[in-house]
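Going line by line, the protein sequences match chains A and B.
Start counting the first sequence at 4; every next residue gets the next number (this note's numbering).
Start counting the second sequence at 4; every next residue gets the next number (this note's numbering).
Backbone N, C-alpha and C define an ideal beta-carbon position, used for all residues, glycine too.
2 protein chains.
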Amino acid sequence: MSRNTKQKTIVLEALHKLNHPTALEVYEYSKQVCPQISLGTVYRILGNFALDEKILHIKIANNPDHYDYQTHGHYHFSCKKCLNVYDIDIPYMENLNKPHKECFIEDHSILFNGLCADCYQKEGK
Amino acid sequence: MSRNTKQKTIVLEALHKLNHPTALEVYEYSKQVCPQISLGTVYRILGNFALDEKILHIKIANNPDHYDYQTHGHYHFSCKKCLNVYDIDIPYMENLNKPHKECFIEDHSILFNGLCADCYQKEGK
DNA sequence: ACCTTATTGATAATAATTACTAATAAGAAT
DNA sequence: ATTCTTATTAGTAATTATTATCAATAAGGT
């Protein structure tokens, strides 16, 4: 059976404290509390949590993978400048998951692209 | 100015002949016509075409990047078993791109997940 | 045919992630 | 509490996907 370790606890804490962090960001955060933690451990824990659907694994073009402690249906926005990921509050469209032609749809994800407010401002324009 | 090469031609042909291929699939196809072509060349050509928005670069979780010669707004389905990518004919929702709170949305992509008909059948259930 | 330089092939380098393995430590059994 | 079993970890090596480097090649204008 699964065991509770301080590594798992701190990784979960990182996901709550940070905003859709990457594995590396989780690692940096975790090291502050648990200096001996290794990046491989972070990847393994994140991978297992995602398998168990305890967390969400977000994959984005030109951006390392991000993770989210929120697993319920919601969509994301990714800033093409700073590469941060944010929740976007557009209601989940359950109806999009209805069976479709040849495909047996189980789920869908929507990723919005553009500039976040900060980067838009810095961009000058 | 840009030059026409047989490598560019064959890569574009691969995109039309194959169904949302990966860079490696484009490479395998291209080698049959142009045996000396290198994988780096394929990546470079695909990358440049994508930059020029001549083709679409599709990134999917647990799946190498795929490419599409169709660039107009449409959505994709990815089979979690065979990892193939298909167009899905749900109309593009232009209205989702309207400005949203703090984010300056330029575009969005929807990726549907599930099993394709073939894999669903093989799965037995 | 010549010249300029965009493009290529080959290879090395990098980034992100996964696999391996001996050592460690949860937590159940004694 | 101590022992025992084995899930988990740290550290490292390996792998996968992709990008960068650079001398050699070849478009295509002159």
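| Query | Result |
| --- | --- |
| Tell me the rounded alpha-carbon separation between K83 of chain B and Q39 of chain B. | 33 Å |
| Any C-beta of chain A sitting closer than 8 Å to the C-beta of S5 of chain B? | no |
| Could you spell out the range, first to last residue, of the alpha helix (DSSP H) harbouring L15 of chain B? | 9-20 |
| Nearest chain A C-beta to D110 of chain B closer than 8 Å, yes or no? | yes |
| For the region 8-16 of chain B against the region 100-112 of chain A, are there 3 or more C-beta pairs whose distance is under 8 Å? | no |
| Once the 5 residues before and after Y95 of chain B are set aside, which same chain residues still bring their CB inside 7 Å of it? | G76, H77 |
| Per DSSP, what kind of secondary structure is I105 of chain A in: helix, strand or coil? | Correcting the residue type first, residue 105 of chain A is Glu in the shown sequence and not Ile. It is coil, neither helix nor strand. |
| Quick one: which chain A residues come within Cβ less than 8 Å of E97 of chain B? | Here the premise fails: no neighbours, minimum Cβ distance about 13 Å. |
| Would you list the residues sitting across from G117 of chain B in a DSSP beta bridge? | A:I108, B:C82 |
| Among the residues of its own chain, which have a CB less than 6 Å from the CB of K128 of chain B, if the five just before and after it don't count? | In this prediction, K128 of chain B scores a pLDDT of 49, lower than 50, which makes its location untrustworthy; no coordinate-derived value is stated. |
| Applying the 10 Å Cβ sphere with the 16-neighbour rule, what's the burial state of L118 of chain B? | buried |
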